[in-house]
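**Q** Its first residue numbered 825, the sequence shown is counted upward by one per residue in the working numbering. I am attaching a structure below and will ask some questions about it afterwards.
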Amino acid sequence: MSIDLHIHSTFSDGTMSPTELVCLARHRKLSAIAITDHDTTDGIDEAIEAGGQMGLTVVPGVELSVKHDNINLHLLGYFFDHRQPEFLQALHKLQEGRLTRNRRILEVLRQLGIDIELAELLEIAGPGGQSGRPHIAQLLIGKGVVKTMDEAFEIFLGQGGSAYVPRFIFTGAEAISLIHRAGGLAVLAHPQQLEKSTGNFARIIEDLHRQGLDGIEVYYPTHSKQFRKLLQRLVQKHDLLKTGGSDYHGAIRPGTTLAGGKNCVVPDQLLVEMTERLARQRNTFITEVIA
Ligand SMILES: [Zn+2]
Ligand SMILES: [Zn+2]
């Protein structure tokens, strides 16, 4: 049976609500999912409730952009307490950073002669959702400025683009520590992107491992067998966990789907290994505190 531990909902840049995603996961006969929205845990309670009603395990999840040696990468958090005040405060800081950046991007676009109102952006992001660059890209496509999401990032929104604006993010070490203090596991997301952007791929994983990284997302739709083997070696070398997911965003990324079937299959055994590791770590942590 497959699981899917990397899914985005309308609470960030996905196009389906947590309840709709739980329904779809049931339909695809998945045994467990995690909603991993960018910088927010607001969709988790809805997903857990829908999962309870439909008989699907829902693991609390989140995806955080972090920097490590001037390289941007994504970390996934799992099994943390999604109501822990310190964790929520950290997310709030990231959300404020997003808003500030969105306003700045719209200002720069206006200077370039492209008019997008903040209200339009908030509307397309949906009520309570985290608005971000994919939504601005959607508006640019809608206004006929660019044809595709890739084009929007290349010309305007991505690093090196004419309307690129950085935002506040934590370092890898800070994010790992935040996830750990909330009782969770920290995992490197889609390592292929990291491999493409740096020549020091293995060293970065080694650094992150030293900072407490618990696992790597080995199963991912674009990972070849060969790349999975390379990751497998790193996982064994550093005694890391393996995770996997589709990074499904719904209709915003046409041609993508949840895990299982012909897409990537993520063995449900991985979830057992994650919970076992968590139990061991929590025990160690308690012993450390008592000592
Ligand atoms: Zn990501
Ligand atoms: Zn993602």
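Virtual Cβ for every residue (Gly too), placed ideally from N, Cα, C. Remember, predicted model here, so these are calculated numbers, not experimental data.
Report, in whole angstroms, the separation of the C-beta atoms of A1006 and G1036, which I expect to be a contact under 8 Å.
**A** Wrong, their Cβ atoms sit about 13 Å apart, outside the cutoff.
**Q** With a threshold of 6 Å, establish whether the CB of A999 neighbours any heavy atom of ligand 1.
**A** No, Cβ of A999 sits at least 6 Å from all heavy atoms of ligand 1.
**Q** Once DSSP output is grouped into helix, strand and coil, what is the label at L1055?
**A** Looking at L1055 - three-state DSSP - the assignment turns out to be helix.
**Q** In this structure, how does DSSP classify F994 when only helix, strand and coil are distinguished?
**A** It is a strand residue.
**Q** Hey, how far is the Cα of Q983 from the Cα of R925?
**A** Near 13 Å, if we compare the C-alpha coordinates of R925 and Q983.
**Q** Is D1071 a contact residue of ligand 2, with contact defined as CB to any heavy atom under 6 Å?
**A** Answer for D1071: yes, Cβ within range of ligand 2.
**Q** Checking 7 Å against the spacing of the C-beta atoms, do G885 and Y902 come in under that value?
**A** Taking 7 Å as the Cβ cut-off, G885 and Y902 qualify as a contacting pair.
**Q** Just the C-alpha distance for R1057 and L942, rounded to the nearest angstrom, thanks.
**A** Each residue's alpha carbon lies about 46 Å from the other.
**Q** For F911, count neighbouring Cβ atoms within 10 angstroms of its own Cβ and tell me buried if that reaches 16, exposed if not.
**A** Flag for F911 reads buried.
**Q** State the DSSP-derived secondary structure class of N926, mapped to helix, strand or coil.
**A** Three-state result, N926: helix.
**Q** Whole angstroms is fine: what's the gap from I993's alpha carbon to R934's?
**A** Distance between the alpha carbons of I993 and R934 is about 25 Å.
**Q** Comparing alpha-carbon positions, which option in H832, S836, A849 lies nearest G950?
**A** Of the listed residues, the one whose Cα sits closest to G950 is S836.
**Q** If you reduce the DSSP assignment to three classes, tell me which class N896 lands in.
**A** Reduced to three states, the DSSP call for N896 is strand.
**Q** Is any heavy atom of ligand 4 found at a distance shorter than 6 Å from the C-beta of E887?
**A** Ligand 4 is absent from the structure shown, which contains only ligand 1 and ligand 2.
**Q** What does the Cβ neighbour count give for K1103, buried or exposed, with the cut at 16 atoms within 10 Å?
**A** Checking the sequence shown, residue 1103 turns out to be Ala, not Lys. Counting Cβ neighbours within 10 Å, A1103 comes out exposed, since fewer than 16 surround it.
**Q** Alpha carbon to alpha carbon, how far is I965 from I938?
**A** Distance between the alpha carbons of I965 and I938 is about 12 Å.
**Q** Could you compute how far the alpha carbon of K1086 sits from the alpha carbon of A961?
**A** Approximately 29 Å between the Cα atoms of the pair.
**Q** Where does the unbroken beta strand (DSSP E) through D1031 begin, and where does it stop?
**A** D1031 -> not in any beta strand (DSSP E); alpha helix (DSSP H) instead, spanning 1025 to 1034.
**Q** Residues in its own chain within less than 7 Å of E978 by CB, not counting five upstream and five downstream?
**A** Once the five neighbours on either side are set aside, the close Cβ partners of E978 are G985.
**Q** Here's the rule: buried if 16 or more other CB atoms are within 10 angstroms of the residue's CB, otherwise exposed. What is T1108?
**A** Classification of T1108: exposed, given that the 10 Å Cβ count is below 16.
**Q** Taking only runs of the alpha helix (DSSP H) that begin and end inside the region 915 to 970, which ones reach a length of at least 4 residues, in chain order?
**A** DSSP runs (the alpha helix (DSSP H)) wholly in the region 915 to 970: 942 to 949, 957 to 966.
**Q** Does the beta-carbon of L906, which I'm using as the reference point, lie nearer than 6 Å to any heavy atom of ligand 1?
**A** Checking the sequence shown, residue 906 turns out to be His, not Leu. No; taking the cut-off as 6 Å, the Cβ of H906 has no heavy atom of ligand 1 nearer than that.
**Q** Let me make sure I understand the geometry here. Which of L930, K971, L880, A997 has the alpha-carbon closest to that of N896?
**A** The option with the nearest alpha carbon to N896 is A997.
**Q** Under 6 Å Cβ to Cβ from A976, same chain only, skipping five residues before and after it: list those, please.
**A** Excluding positions up to five away in sequence, the list reads A961, L964, V970.
**Q** Between R907 and S955, which are expected to be in contact by the criterion C-beta below 8 Å, what is the C-beta distance as a whole number of angstroms?
**A** Not quite, the Cβ-Cβ distance comes to about 23 Å (not below 8 Å), so this is no contact.
**Q** From this set, S1001, H959, H898, which residue's C-alpha is nearest L981's C-alpha?
**A** Ranking S1001, H959, H898 by Cα distance to L981 puts H959 first.
**Q** Which of helix, strand or coil does DSSP assign to T881?
**A** Here T881 sits in strand by DSSP.
**Q** Helix, strand or coil for I831, going by three-state DSSP, please let me know.
**A** In the structure shown, I831 sits in a strand (DSSP, three-state: E or B).
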